[in-house]
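**Q** Protein chains in written order, with my numbering: chain S, 48 to 158; chain U, 175 to 287.
We put the beta carbon where it would ideally sit given N, CA and C, even for glycine.
Everything numeric in this text was worked out from a predicted model, so none of it was measured.
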């Protein structure tokens, strides 16, 4: 199986600063690492992902880093806005056998 | 974007009763998944399927069965519902392949009394 640890569980950041969430995984065969954002009462929505053939990916203000040797990946939200306040989940997958999720990070952006 | 729908959206069941949660996707994805989400546990994989007629056990399959009668439909069945199965259930679908994006349905809130 797979285990994914996600830290921190709660993150408060000031508007326009950066927020960083870190995840580690156990199974070296995992090759797909998506990040989901979930608003209260809504379903998880994919915001960015990275595959094992990459080390860095950026979509606008979102940056994902992958360190396969350390089995660690991270999400960095730059220039945070109030709309970035939500739950964020990292996940890992191998061979389309479903995603293993971290426990989530509640991000709050304050003025 | 893939269209994944779930029914019912809310369900109250009695302990020992049978519950069927349904999921439909219209983008011809091969793979479909059932997860449950609980506070403190995040999302956990219950069952998944690679196509019509196939079902596979996920990380927490006990107390659940799955059925994939067609490419579009994937059901989760609780033969004897228990209060511990009170949760929010999400269905997801994705293309075949090791790194295909999964699209989530809106979720079903199940309460077992």
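#1: What number of angstroms, rounded off, separates the C-alpha of residue 301 of chain U from the C-alpha of residue 249 of chain U?
#2: Would the C-beta of residue 141 of chain S count as close to the ligand ATP, meaning under 7 Å from any of its heavy atoms?
#3: For residue 153 of chain S, collect the residues of the same chain with a Cβ closer than 6 Å to its Cβ; drop the 5 residues on either side in sequence, then sort them by chain order.
#4: Considering residue 159 of chain S, what are the terminal residues of the beta strand (DSSP E) in which it resides?
#5: Are residue 98 of chain S and residue 69 of chain S touching if we call contact CB-CB under 8 Å?
#6: Helix, strand or coil for residue 128 of chain S per DSSP?
#7: Taking C-alpha atoms, which residue in S/63, S/48, S/88 lies nearest to residue 73 of chain S?
#8: What does a CB cutoff of less than 7 Å around residue 278 of chain U pick up in its chain, not counting 5 residues either side in sequence?
#9: Based on DSSP bridge pairs, tell me the residues matched to residue 216 of chain U.
#10: How is residue 280 of chain U classed by DSSP in three states: helix, strand or coil?
#11: Please report the residue range of the beta strand (DSSP E) in which residue 96 of chain S lies.
#12: Kindly indicate which three-state DSSP category residue 64 of chain S falls into: helix, strand or coil?
#13: What residues are listed by DSSP as bridge partners for residue 69 of chain S?
#14: Name, please, each residue of chain U whose Cβ falls closer than 8 Å to the Cβ of residue 81 of chain S.
**A** Quick answer:
#1: No answer is possible for residue 301 of chain U: it lies beyond the span of chain U, which begins at 175 and ends at 287.
#2: In terms of ligand content, the structure shown is empty, and the ligand ATP therefore cannot be addressed.
#3: 57, 134
#4: Outside the displayed range of chain S (48 to 158) lies residue 159 of chain S, so it cannot be described from this structure.
#5: no
#6: coil
#7: S/48
#8: 178, 264, 266
#9: U/212
#10: coil
#11: 92–98
#12: coil
#13: S/54, S/121
#14: 275, 276
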